[in-house]
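Numbering of the sequence shown is given in UniProt numbering, commencing with residue 1 and proceeding in unit increments. Each residue gets a CB set at the ideal place from its N, CA and C atoms; glycine is no exception. Note sheet for the following structure.
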Amino acid sequence: MDPDTHIATVGAGTNLGDLKDRLMHAGGRAMTHGSCPQVGVGGHFTIGGLGLMSRLWGTALDHVLETEVVLANSSVVIASDTQNQDVFWAIKGAGASFGIVTEFKVRTQEIPKGAVQYTYTFSQGDVLDKVRLFQAWQSVVAKPNITRNYSTELTVFPGGVVITGSFFGTTEEFQEFEQENNLPIQSKGNVAYITNWLALLAHAAENYLVSIGGALLTSFYSKSVSFTVDELFSEHALVALFTYLDIAPKGTQNWWVIFDLEGGATNDVPINATAYVHRDAVIWMQSYAGIGSEPPAYVSRRFLDRLHQVVIENRPPGPLRSYPGYVDPYIKNG
């Protein structure tokens, strides 16, 4: 860590768990990254890198200032905005196709002073109950000027629906935000004001996935698709979605579907500024099934394939975009 510029030099083999600890202990610094501690930065920084702070700070790759890259001809080059700009453009979003990054220089941020971490759990209801809940959540996240201090995920799983996230501000400011935006709150939920940055990261919603697999080798199937402001769910689309989730054979109890608010600083970057093109995404839908020691059964893969087909058939026509960090080995033309 450069003590004057707060630019950190990070080896490509570093995992996110080590990264957050080392940045924190190098002067209370941080950057955007995902919450799964076993993920390595070499891939994460070159395909996007979404996380808790994306709406405030942009993606992980938006923090990258310079890379050391091994090219296909075995040459080692420095790529940045001033050197080998074409390589740098490609590395920031499509790195695996153009070279092997061995080192990153990244800008860092001062850690927030504190944030409200919240979880609201909604018991299993019928299709229309879930539709109304999703509509209420979507009406909040679709607001064009919603504060960047607010992050949120809506997760559908076998036991019901959970809305989780963070608000970077005081408890009083969060309560005011809730009242002004009519957040879909069924009960008091679990709301805590956290001032310890590492504890805040540890509570990120994806830790549900980590708690199942952790550092153990696990198999699962996942799919993803993004939504712009013009592609958000209609009532008809939500009825189709939740009806399918209620009746479809799944082949496993280990499945869930996450709807994650994006936008904010991530979308400030022009779409052609990097090889990461998802600058107009407002919501990401991520689905998982069949997590365990054995490869997912065919019925579980079919469940997710048909789920996404239901979603696609009930949204406005247009290009379909998947997040490269959620690898789908069966995607067509992928």
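### Task
Kindly confirm or deny that the segment 61-74 and the segment 91-103 touch, where touching means at least three C-beta pairs closer than 8 Å.
yes
### Message
Is the separation between the beta-carbon of ILE271 and that of PHE227 shorter than 7 Å?
### Response
no
### Task
Identify whether ILE283 lies in helix, strand or coil by the three-state DSSP scheme.
strand
### Query
In its own chain, which residues sit with a C-beta less than 7 Å from the C-beta of THR119, not counting the 5 before and 5 after it?
VAL162, THR164, GLY189, ASN190
### Task
Below 7 Å CB to CB, which residues in the same chain sit around TYR193 once its five sequence neighbours on both sides are set aside?
GLY114, VAL116, THR171
### Message
I'd like to know if the segment 79-88 and the segment 132-139 are in contact, where contact means that at least 3 CB-CB pairs between them fall below 8 Å.
### Response
no
#### Entry: Cβ neighbours of HIS236 in the same chain (closer than 7 Å, five flanking residues each side left out)
ASN314
### Message
Pop quiz: THR274 and LEU61 are said to be a contact at Cβ under 8 Å. What is the actual Cβ separation, rounded to whole angstroms?
### Response
7 Å
#### Entry: C-alpha distance - ARG279 paired with PRO316, whole-angstrom precision
19 Å
### Message
Based on DSSP bridge pairs, tell me the residues matched to TYR120.
### Response
ILE163
#### Entry: Rounded straight-line distance, which links the Cα of THR9 to that of SER75
21 Å
### Message
Excluding the 5 residues flanking THR59 on each side, which residues of the same chain have their C-beta closer than 7 Å to its C-beta?
### Response
THR32, GLY48, GLY49, LEU50, THR266, TYR276
### Message
Could you tell me the alpha carbon to alpha carbon distance between ILE258 and MET285, rounded to whole angstroms?
### Response
6 Å
#### Entry: Any beta strand (DSSP E) of 3 or more consecutive residues that is wholly inside the UniProt domain "FAD-binding PCMH-type" (1-111)
7-11, 64-70, 76-80, 100-107
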